[in-house]
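Number of protein chains: 4
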Amino acid sequence: MPKVGIETIRCASLVQATIAEIGSQGSLDITVNQIARRAGVSSALAFHYFGSKDQILLSAMRFILSIYGAEVLRELAGVRTPRQRVEAVIRGSFAASNFRQDVISAWLNFYVKAQKSPEAARLLRVYKRRLRSNLVCGLRPLMDGKAETAAEGIASMIDGIYIREGLGEGKPDPERATDLVIDYLDRLMGVSI
Amino acid sequence: MPKVGIETIRCASLVQATIAEIGSQGSLDITVNQIARRAGVSSALAFHYFGSKDQILLSAMRFILSIYGAEVLRELAGVRTPRQRVEAVIRGSFAASNFRQDVISAWLNFYVKAQKSPEAARLLRVYKRRLRSNLVCGLRPLMDGKAETAAEGIASMIDGIYIREGLGEGKPDPERATDLVIDYLDRLMGVSI
Amino acid sequence: MPKVGIETIRCASLVQATIAEIGSQGSLDITVNQIARRAGVSSALAFHYFGSKDQILLSAMRFILSIYGAEVLRELAGVRTPRQRVEAVIRGSFAASNFRQDVISAWLNFYVKAQKSPEAARLLRVYKRRLRSNLVCGLRPLMDGKAETAAEGIASMIDGIYIREGLGEGKPDPERATDLVIDYLDRLMGVSI
Amino acid sequence: MPKVGIETIRCASLVQATIAEIGSQGSLDITVNQIARRAGVSSALAFHYFGSKDQILLSAMRFILSIYGAEVLRELAGVRTPRQRVEAVIRGSFAASNFRQDVISAWLNFYVKAQKSPEAARLLRVYKRRLRSNLVCGLRPLMDGKAETAAEGIASMIDGIYIREGLGEGKPDPERATDLVIDYLDRLMGVSI
DNA sequence: AATGAATGAGGATTCATTCAT
DNA sequence: GATGAATGAATCCTCATTCAT
């Protein structure tokens, strides 16, 4: 059984605190002190572990992407048909652990950050590529030749729903979100409803 | 012929400089000095005219929204059929004056800002409401009862494309964007391609 | 009949505005813009006439001192006895045109200013010397040898009452103030009450 | 033996530096940088401990008032008769630790500040009330019914001497000050000299 | 005479970051 | 491993002052 070092615990709780703080402030303009206070440690410790504020934020971003990845993976587990694969990606995108105000808020802010930080941009590119490849992979057998475009449409819609929900006042509604995208998928596949 | 006062000129150039600066920095974390320098004036003058940095940013946001509104209006000018109305909204959204790296970058940042600033949130709500009402208005005659959902799908896709292009490395491609959304519109209307 | 030039009018109204502004703000931390706005002119004009903010403040100080001097002079007009002379100074100090919240506030602030500005210190010294000489002049025939000390006591009491009223919440009460000092005068002269 | 934390030390030295700086500048228009430099720390630390410039100034004011209070208390220690009580207050007011150029300068500036800052006004009211109650308490047995007025006269004279000395070029002379007020007290009590 | 336009210099305040303990 | 103490650099904002018109 792996013993979790104190370092791992501290880092994890700082990352969690970062996401929570971004969510509660609705902005990346959070101070290291705020993060540290929320995590119940001193800000100096945050620097001790992460070296810089930027690294803290990037770690939070990585964490969010990994959660997302795990969620999609979980959905992909029992998949048999291509269609199910596409649906899995969609469902994973709107899983309860992702599709939350604070996470969306952080997500949105990372989009912004990616415009300045190469590392953030890289992470986001990885996510986009993975999403796309999953979608294309599932769509290719279903459509003749239009898989790329279809994937782009679906991905755009997912991102759009995210951003809109991040701004919206109410709680994100995963069901509605999923239905909307799957309806699009249906139409892409030529199934009239 | 309307004489433009120097105040109008300065305010306009400061707003332009703000958008340009946001675009070039890819972030709202720009200083008033940067804006002022780009506009060729002192930062004190920016404060003289706008009172606070926030007002400068909000003015820039208002400007972008007004450009967008004008663009949509222009597209709506010659419209005869409901279908054309929906297309007009889509085309307006991807018009050359909106669908530019710097504007998208500013747009994205305003989404973030709206999470903290009530005034920014209000402006964004106005935009969303107008977009939605235009879409629903055009879609209602075309679909039976599903207009609201369809509008949401289209709006989400537009926003998603925006955010993706803002991040993308290449130049935004309005044609591709328009095609993607119009294809979705076609499918929503049950026209198989 | 002397025609008052526009310059004289402007200067006077700026000085008045200065005193009013100091009174209303309760502080010398007033901006030239505030003064100018209150006087209904542009701040540039204030500089045109006075050259610097300091000169405006000093002019206001001179004005207050001249009002005070005039008030004392008026009281000294019908004086016949030494005792009346002393009383005249006291009454002049608490005349309605001096003993007002705004003037007291300005007065207090000039005391502060005098600590840094030699010119303000000089003006205040002139005031003090005149006050003292008037008092001593009246007291000398009334007391044997103690006139200087008595004058200092009276002057201190007058200043103290000023400062206390400047801080007090209610309106300055000239009658009470006068009575208090005159009672002191009576006692100095050995008249038991 | 109480261990003094570094925080206590820093706060104390910042407060001391504040008073010294006010004294040397003769004005409350001092920058936090000046205070901090005089205290040998960075201005950021001053903010760390006090939160705002205003709090620094108010702390300095509180400190001065507490010194004054302690001084009066010390004088009140061995008091037996009412007359001694009044004298104790007077002597305390002109004690060496209060009646110093820099402290008087600060005092004067606090009077000004009190016109804008409610908290400063409150502190000053507390001081005035305490002074007055001490005086009245001592005077009541000595005079029939005139204690209140007498107290006001004495308090005014004390304040007046303060303000005059604050402005004067020479060093404050506690002896002369005390004599002047005590002479007044004598006369108030009907003792002819 | 009068002002709108413009700015440089400066001040309060914040914050990422360092370091001795 | 952990932190309290400390700061340099930056940022928003103000204001006295200048000047062309």
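Chains as they are written, first to last, in the numbering used here: chain U, 1 to 193; chain P, 1001 to 1193; chain A, 2001 to 2193; chain C, 3001 to 3193. Glycine included, C-beta positions come from ideal geometry on N, C-alpha and C. Bear in mind that the values here come from a model prediction, so they are computed numbers and not experimental data.
- Close to chain U, meaning a Cβ-Cβ distance shorter than 9 Å, are the following residues of the segment 1104-1138 of chain P: Ser-1105, Leu-1108, Asn-1109, Tyr-1111, Val-1112, Lys-1113, Ala-1114, Gln-1115, Lys-1116, Ala-1121, Leu-1124, Arg-1125, Lys-1128.
- A distance below 8 Å between beta-carbons, with the five flanking residues on each side excluded, links U:Glu-7 to the following residues of its chain, in chain order: Tyr-49.
- When C-alpha distances from C:Arg-3010 are compared across C:Val-3089, C:Ala-3036, C:Val-3079, C:Thr-3031, the shortest belongs to C:Ala-3036.
- In this structure, A:Met-2157 keeps its C-beta atom at 8 Å or more from the C-beta atom of C:Ser-3013.
- The alpha-carbon separation between U:Glu-169 and U:Phe-99 amounts to approximately 14 Å.
- Within the segment 1011-1061 of chain P, the alpha helix (DSSP H) runs of at least 4 residues that lie entirely inside it are, in chain order, 1032-1039, 1043-1050.
- Look at C:Ser-3156: its C-beta is under 8 Å from a C-beta on chain A.
- Chain U places a beta carbon closer than 8 Å to that of P:Asp-1159, counting this residue as a contact.
- When Cβ-Cβ separations below 8 Å define contact, A:Tyr-2184 makes contact with chain C.
- Per DSSP, reduced to three states, the secondary structure at P:Thr-1008 is helical.
- DSSP places A:Thr-2081 outside any alpha helix (DSSP H), giving it a letter other than H or E.
- The beta carbons of A:Asp-2159 and C:Ile-3163 sit closer together than 8 Å.
- Using beta-carbon distances, U:Arg-164 counts as an interface residue toward chain P, with a partner under 8 Å.
- When C-beta distances to chain P are compared with 9 Å, the residues of the segment 18-52 of chain U below that value are Gln-25, Gly-26, Ser-27, Leu-28, Asp-29, in chain order.
- Note on geometry: alpha-carbon atoms of P:Gly-1138 and U:Arg-38 lie some 49 Å from one another.
- The beta-carbon separation of C:Gly-3166 and C:Ile-3090, rounded to 18 Å, does not stay under the 8 Å limit for a contact.
- Within the same chain, and ignoring the five residues on either side of P:Lys-1128 in sequence, the residues whose Cβ sits closer than 8 Å to its Cβ are Ala-1155.
- Here C:Arg-3187 is near A:Leu-2188, since their CB atoms are less than 8 Å apart.
- Take P:Phe-1110, set aside five residues on each side of it, and the residues of its chain with a beta-carbon closer than 7 Å to its own are Met-1061, Ala-1120, Leu-1124, in chain order.
- In this structure, the beta-carbon distance from A:Gln-2115 to C:Gly-3026 falls below 8 Å.
- Judged by DSSP secondary structure, U:Glu-165 falls within the alpha helix (DSSP H) whose first and last residues are 147-167.
- Among the residues of chain A, those whose CB is under 8 Å from the CB of C:Thr-3149 are Leu-2180, Asp-2183, following chain order.
- Chain order gives the chain U residues near P:Leu-1167 as Tyr-111, Ala-114, Gln-115, Ala-121, Leu-124, Arg-125, Lys-128, where near means a beta carbon separation below 9 Å.
- Within the segment 2082-2111 of chain A, the alpha helix (DSSP H) runs of at least 4 residues that lie entirely inside it are, in chain order, 2082-2093.
- Under the DSSP assignment, C:Ser-3133 falls in the alpha helix (DSSP H) whose first and last residues are 3118-3139.
- Taking the Cα positions, U:Arg-140 is about 8 Å away from U:Lys-146.
- A:Thr-2178 is a Cβ neighbour of A:Phe-2094, given a cutoff of 8 Å.
- Across the structure, C:Leu-3076 and C:Gly-3069 are spaced so that their CA atoms are roughly 10 Å apart.
- Between the alpha carbons of A:Ser-2066 and U:Asn-33 lies a distance of about 58 Å.
- The Cβ neighbour count for U:Ser-117, taken over all protein chains shown within 10 Å, is at least 16; the residue is labelled buried.
- Residue environment for U:Gly-40: exposed (fewer than 16 other C-beta atoms within 10 angstroms of its C-beta).
- At a cut-off of 8 Å between beta-carbon atoms, P:Arg-1083 makes no contact with chain U.
- For U:Leu-65, not one C-beta of chain P is nearer than 8 Å to its own C-beta.
- Between A:Val-2136 and A:Phe-2063, the beta carbon gap of about 26 Å keeps them out of contact (Cβ cut-off 8 Å).
- Around the Cβ of C:Gly-3153, a 10 Å sphere holds 16 or more other Cβ atoms; the residue is buried.
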